[in-house]
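Just below is one structure, and these are the notes that go with it.
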Amino acid sequence: MGNIQSFSTTSRSGGGLSLKELERLQRRVERLGRGRTELARSDLQSIPELSQNPFMESIFRMYDGDGDGLLELRDVQRLMERLSALVKDQEAQCKFAFDIFDRNGDGCIDKGELVRVLRVTHGGRRMSEEDVDRVAMATLAEHGSEVEMGGVLTFEDFTRLMLSNSTMIMTSAGGGCGQHM
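Be aware that the sequence shown starts at 564, since it is given in my numbering, and climbs by one per residue.
The following block contains the structure:
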């Protein structure tokens, strides 16, 4: 796993990392992982900027390819390539945020997933459970699909919501898919 030459390198326009960037990434992972080419959650939580990110756990889970609780170098590479693609691509920002919200990966954000995100993002403001539930239900009723099934947000619904509400905070998406670049 430690051989950097074994990693795929796609062209820069394709969102891939160059060989030089991959070598630098490997050195950083080894330094952060204390000589290992894999990172535990605790390794990432030692970075102040990441330890304060309310979506760090979800992002970690999304990129832990084999579910062993460690991000291997290849997992970190995939994450870095995805993050670098977010810089100028509004749709990619929305998709990244959507994937974080859609914990079960079924392609829809249901009430439970929306409630979880509201709790995480509004934790400092201490919304009551009743308020969180009311906001989730109102969001699904106004912006969701399949209302007869309790309402869900599809990716298209989610994108329309984010683009129509530029004050929505999407720290997980590298600046927000609701902010025009």
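Note that beta-carbon positions come from the ideal geometry of N, C-alpha and C, so glycine has one too.
The model shown is predicted, which means the values in this text are computed figures rather than measured ones.
Helix, strand or coil at residue i according to DSSP, with G and I counted as helix
{"i": "VAL680", "result": "helix"}
{"i": "ILE622", "result": "helix"}
{"i": "THR702", "result": "helix"}
{"i": "LEU582", "result": "helix"}
{"i": "VAL650", "result": "coil"}
{"i": "SER614", "result": "helix"}
{"i": "THR600", "result": "coil"}
{"i": "SER708", "result": "strand"}
Alpha-carbon to alpha-carbon, residue j and residue i
{"i": "LEU726", "j": "GLU586", "result": "37 Å"}
{"i": "ASP652", "j": "LEU642", "result": "16 Å"}
{"i": "LEU649", "j": "LEU580", "result": "14 Å"}
{"i": "GLY670", "j": "PHE618", "result": "18 Å"}
{"i": "LEU724", "j": "LEU646", "result": "22 Å"}
CA nearest to the CA of residue i, picked from the options
{"i": "ASP662", "options": "ILE622, ASP631 and GLU644", "result": "ILE622"}
{"i": "GLU719", "options": "MET619, GLU654 and VAL678", "result": "GLU654"}
{"i": "LEU716", "options": "LEU582, GLN615 and ALA660", "result": "ALA660"}
{"i": "LEU595", "options": "GLU693, LEU613 and GLY670", "result": "LEU613"}
{"i": "GLY707", "options": "HIS685, VAL592 and ILE672", "result": "ILE672"}
{"i": "GLN589", "options": "PRO611, VAL639, TYR626 and SER609", "result": "VAL639"}
{"i": "GLU644", "options": "GLU584, LEU724, ARG723 and PHE721", "result": "GLU584"}
For residue j and residue i, believed in contact at Cβ under 8 Å, the rounded distance
{"i": "GLU676", "j": "ARG666", "result": "5 Å"}
{"i": "ASP696", "j": "VAL678", "result": "7 Å"}
{"i": "LYS674", "j": "ALA704", "result": "Contact flag wrong, Cβ pair sits at about 11 Å."}
Distance cut-off 6 Å: residue i Cβ against heavy atoms of the ligand COA
{"i": "PHE618", "result": "In the structure shown, the ligand COA is absent, as is every other ligand, since no ligand is present at all."}
Item to check | Sufficient close CB pairs (3 or more, under 8 Å) joining the region 622-635 to the region 602-609 | outcome: Under the Cβ criterion (8 Å, minimum of three pairs), the region 622-635 counts as touching the region 602-609.
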